[in-house]
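Asks: Residue numbers (this note's numbering), protein chains in the order written: chain Z, 440 to 694; chain U, 440 to 694.
We put the CB at the ideal spot given by N, CA and C, even for glycine.
Computed from a predicted model, the values in this text were never measured in an experiment.
Just passing along the structure, written as structure tokens.
Protein chains: 2
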Amino acid sequence: MGEELSLPAVRDALVREEDSIVFALIERARLPRNAPAYEDPAAAAGRSLAEFFVREAEVLHAKAGHYQKPEDVPFFPRDLPPPMFPTKSYPKVLHPFASSVSVNDAIWKMYFNELIPLFTVDGDDGNYAETAALDFACLKAMSRRIHIGKYVAEVKFKDAPQDYSPLIRAKDTKALMNLLTFKAVEEKVKKRVEKKARIFGQNITLEEDSAGKQEGNAGDSECKIDPEVLSKLYDHWVMPLTKDVEVEYLLRRLD
Amino acid sequence: MGEELSLPAVRDALVREEDSIVFALIERARLPRNAPAYEDPAAAAGRSLAEFFVREAEVLHAKAGHYQKPEDVPFFPRDLPPPMFPTKSYPKVLHPFASSVSVNDAIWKMYFNELIPLFTVDGDDGNYAETAALDFACLKAMSRRIHIGKYVAEVKFKDAPQDYSPLIRAKDTKALMNLLTFKAVEEKVKKRVEKKARIFGQNITLEEDSAGKQEGNAGDSECKIDPEVLSKLYDHWVMPLTKDVEVEYLLRRLD
């Protein structure tokens, strides 16, 4: 997120992040499940290749100066090294507590246990390192989208502190969740990510063009990822987890 | 590349790799130039953040078992560690010399000196770590596409050894290059990658759909990356470098 905090700016960030998530999932779907990447070989101190990769990648990203912003949240925050390169300070528009709000444990479990079986084909082509790298990209994009919820919450709070403050003081999680839920908006988001998967996941050929066939109308079976998986991902996990972030942030907003 | 070596299989791999390159460039284009990521700070042993990141990322990828296949070529191959996890052996369909054929130095120079100024906007938003990570993804996708040229060369050689062998023995680089060049195919590839950029780089909204507007027809100025950059990238660099790989491979094919 940039300097100005406004609902349109936050919404733009969320919409742009959808593209990154769709791209990352399409790339991961290129490879089959590759279960050995998720198993614990004796050699690796009880860690799967996927976990090893994410931990080490986060160390590298931290050295490079990542994880300074509240929307960039590591999955393994303990013992991350400090940046080795100069970083630019970002405008502090959120409550200082924002940095410690994280639902990455839930994202991790969801991704490996629920999502991977939904959008990868069963199989093992031996490309385990590539698999882990693509998994990291998916996790990173989803985590970023979900933790932008901190800005959503701040904007909404600033817009109507009189509505939020009593609920925050009463720690009324359920009422806060209701106040943050807009079913009609959520339906639109689901439709849009499904459409993005359909358009970004199609096989582009020059021939279709000359026949005047409209892009994005290829059968879903030809799509590199089932568009309904995107709709489901947002419906069951991305939007609920974003709201969990919003509520968690709001509950300490008055501290 | 998989088990079977056939021209259709190799072509499919090249076409699929186009999507990865377009996705990676669109993602990088999200951030401005961010020149400090390419400058040498005193702290980092004379290395820019971008170089530091790529070197360290390649170490991690090597530990995870990457760089076993002839199309996966590191930019900094010296002193890469061995895999820490079990790897699957891949079918050896190429001449053993294949692994050492690399044009990564040329890709590196082209990317940082020529390409980045073409597709990123001037500016500095401070996201240097993210910049370096996205650069690594672009480099990796382009390098992979270009080094699949080894398989292209092998398939073409196997298909017509009588045409290639005399030229290889005569070390006739120019004649080999001519034999590998199909202008009509190259024009098609350029048009296709441009079309992919136009379709994958558009801003998808639900509204356009209801108005019956055809996807991919938005003005290029609204596109996340100028589609002509993709056409130029392939014309000036990706296809010529792929043919350099093919020639370099063929020149030692009879050793």
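With 8 Å as the threshold, decide whether the Cβ of H675(Z) is near any Cβ in chain U.
Replies: Taking the first residue of the first sequence as 1, we reach residue 675(Z) at position 236. No, its Cβ sits nowhere closer than 8 Å to a Cβ of chain U.
Asks: Closer than 6 Å by C-beta to S593(U): which residues in its own chain qualify, once you throw out the five before and the five after it? Chain order, please.
Replies: For the purposes of this step, residue 593(U) is identified with residue 154 of the second sequence, where counting begins at 1. The question names Ser, yet the displayed sequence has Glu at residue 593(U). Within the same chain, E593(U) has close Cβ partners L533.
Asks: Does chain Z have any CB closer than 8 Å to the CB of L631(U)?
Replies: To locate residue 631(U), count along the second sequence from 1; it is residue 192. A small correction: the amino acid at residue 631(U) is Arg; Leu does not occupy that position in the sequence shown. At least one chain Z Cβ lies under 8 Å of R631(U).
Asks: Does the beta carbon of S649(Z) come closer than 8 Å to any beta carbon on chain U?
Replies: As a first step, residue 649(Z) is located in the first sequence; it is residue number 210 there, counting from the start. Because S649(Z) sits at a pLDDT of 42, beneath the cut-off of 50, its placement in the model cannot be relied upon, and the point is left open.
Asks: Figure out for me which residue from E456(Z), P535(Z), S445(Z) has the closest Cα to the Cα of M699(Z).
Replies: Since the first and last residues shown for chain Z are 440 and 694, residue 699(Z) lies out of range.
Asks: Examine chain U for any beta-carbon lying closer than 8 Å to the beta-carbon of K597(Z), and answer yes or no.
Replies: As a first step, residue 597(Z) must be located in the first sequence, where it is residue number 158. For K597(Z), the answer is no, since every Cβ of chain U falls outside 8 Å of its Cβ.
Asks: What residues from chain Z crowd round I555(U), counting only those whose CB sits closer than 7 Å?
Replies: For the purposes of this step, residue 555(U) is identified with residue 116 of the second sequence, where counting begins at 1. What I555(U) touches in chain Z: nothing, since even the nearest Cβ is about 17 Å away.
Asks: Which residues in chain U sit within 8 Å of K627(Z), going by Cβ to Cβ distance?
Replies: Locating residue 627(Z) in the first sequence gives position 188, where the first residue counts as 1. Residues of chain U passing the Cβ test: L645.
Asks: At a cut-off of 7 Å, would you count M581(U) as near the ligand SAM, judging by its Cβ distance to the nearest heavy atom?
Replies: The ligand SAM is not part of the structure shown, which contains no ligands of any sort.
Asks: Starting from S459(Z), follow the alpha helix (DSSP H) in both directions and report where the run begins and ends.
Replies: Mapped onto the first sequence, residue 459(Z) falls at position 20. Counting along the chain, the alpha helix (DSSP H) containing S459(Z) begins and ends at 446-468.
Asks: Is it true that the region 461-478 of chain U meets the region 563-571 of chain U, where meeting means three or more beta-carbon pairs spaced less than 8 Å apart?
Replies: Segments in contact, yes.
Asks: Suppose the cutoff is 7 Å on Cβ atoms and the five residues either side in sequence are ignored; what does the same chain contact list for V502(U) look like?
Replies: Numbered from 1 along the second sequence, position 63 holds the residue referred to as residue 502(U). According to the sequence displayed, residue 502(U) carries Lys and not Val. Excluding positions up to five away in sequence, the list reads P520, P522, M523.
Asks: Taking 8 Å as the threshold (beta carbon to beta carbon), is Y420(U) in contact with chain Z?
Replies: Given a span of 440 to 694 for chain U in the structure shown, any question on residue 420(U) remains unanswerable.
Asks: Based on Cα-Cα distance, which residue from A576(Z), K634(Z), D674(Z), K635(Z) lies nearest to K622(Z)?
Replies: One-based indexing of the first sequence puts residue 622(Z) at position 183. Comparing Cα-Cα distances from K622(Z) to each of A576(Z), K634(Z), D674(Z), K635(Z), the minimum goes to D674(Z).
Asks: Nearest to S538(Z) by CA position, among D518(Z), L554(Z), P513(Z), F558(Z), is which residue?
Replies: Position 99 of the first sequence, counted from the first residue, corresponds to residue 538(Z). For the residues D518(Z), L554(Z), P513(Z), F558(Z), the minimum Cα distance to S538(Z) belongs to P513(Z).
Asks: So H505(Z) contacts chain U; which residues on that side make the cut at Cβ distance below 8 Å?
Replies: Within the first sequence, residue 505(Z) is the residue found at index 66, counting from 1. The contacting residues are A568, E569, A572.
Asks: Compare the C-alpha of P535(U) against each of A580(U), Y590(U), M581(U) and name the closest.
Replies: The residue you call residue 535(U) lines up with position 96 of the second sequence. That would be Y590(U), whose Cα lies nearest to the Cα of P535(U).
Asks: At a CB distance below 7 Å, what residues from the region 533-559 of chain U approach chain Z? Give them in sequence order.
Replies: Hits within the stretch: zero.
Asks: For F492(Z), decide whether its Cβ has a neighbour in chain U, counting only Cβ atoms nearer than 8 Å.
Replies: Within the first sequence, numbered from 1, the residue matching residue 492(Z) stands at position 53. So yes, F492(Z) belongs to the interface.
Asks: Any chance the region 456-465 of chain Z sits against the region 576-590 of chain Z, with 3 or more Cβ pairs inside 8 Å?
Replies: Yes: at least three Cβ pairs fall under 8 Å.
Asks: According to DSSP, is Y506(U) part of a helix, a strand, or is it coil?
Replies: Numbered from 1 along the second sequence, position 67 holds the residue referred to as residue 506(U). Coil, per DSSP.
Asks: Determine the direct distance from the alpha carbon of H505(U) to that of V498(U), and round the result to whole angstroms.
Replies: Within the second sequence, the letter at position 59 stands for residue 498(U). Within the second sequence, the letter at position 66 stands for residue 505(U). Each residue's alpha carbon lies about 9 Å from the other.
Asks: If F492(Z) sits next to A571(Z), beta carbons under 8 Å apart, how far is it from one beta carbon to the other, in whole angstroms?
Replies: Locating residue 492(Z) in the first sequence gives position 53, where the first residue counts as 1. Locating residue 571(Z) in the first sequence gives position 132, where the first residue counts as 1. Contact holds; Cβ gap of about 4 Å.
Asks: Roughly how many angstroms lie between the CA atoms of P447(Z) and D694(Z), to the nearest whole one?
Replies: Taking the first residue of the first sequence as position 1, residue 447(Z) is located at position 8. Taking the first residue of the first sequence as position 1, residue 694(Z) is located at position 255. Cα to Cα, the separation comes out at about 27 Å.
Asks: Return helix, strand or coil for F524(Z), following the three-state DSSP convention.
Replies: If you number the first sequence from 1, residue 524(Z) lands on position 85. DSSP places F524(Z) in coil when its eight states are reduced to three.
Asks: Here's the rule I'm using: 16 or more other beta-carbon atoms within 10 Å means buried, otherwise exposed. How should S528(Z) be labelled?
Replies: Counting from one through the first sequence, the residue named residue 528(Z) turns up at place 89. So S528(Z) counts as exposed.
Asks: Can you check whether the CB of L453(Z) is closer than 8 Å to the CB of I587(Z)?
Replies: Your numbering for residue 587(Z) matches position 148 in the first sequence. Your numbering for residue 453(Z) matches position 14 in the first sequence. Contact flag set, yes.
Asks: Give the straight-line distance between the Cα atoms of A576(U) and I465(U), rounded to the nearest whole angstrom.
Replies: Working through the second sequence from its first residue, we reach residue 576(U) at position 137. Working through the second sequence from its first residue, we reach residue 465(U) at position 26. About 11 Å.
Asks: Alpha helix (DSSP H) containing R631(Z): first to last residue?
Replies: Along the first sequence, one-based indexing puts residue 631(Z) at 192. 622-639 is the extent of the alpha helix (DSSP H) around R631(Z).
Asks: What is the C-beta distance between V542(U) and I585(U), in whole angstroms, given that I count them as a contact (C-beta under 8 Å)?
Replies: As a first step, residue 542(U) is located in the second sequence; it is residue number 103 there, counting from the start. As a first step, residue 585(U) is located in the second sequence; it is residue number 146 there, counting from the start. Yes, they are in contact, since the Cβ atoms of V542(U) and I585(U) sit about 6 Å apart, within 8 Å.
Asks: So, does the region 598-618 of chain Z touch the region 684-694 of chain Z, judging by three or more C-beta pairs under 8 Å?
Replies: Taking 8 Å as the limit for Cβ pairs, the verdict is that the region 684-694 of chain Z does touch the region 598-618 of chain Z.
Asks: What three-state label does DSSP hand C577(U) in the structure shown?
Replies: Here the question's residue 577(U) lines up with position 138 in the second sequence. Correct three-state label for C577(U): helix.
Asks: Can you give me the start and stop residues for the alpha helix (DSSP H) that P679(U) sits inside?
Replies: Sequence index remark: in the second sequence, residue 679(U) carries index 240 (1-based). That run of the alpha helix (DSSP H) goes 678-690.
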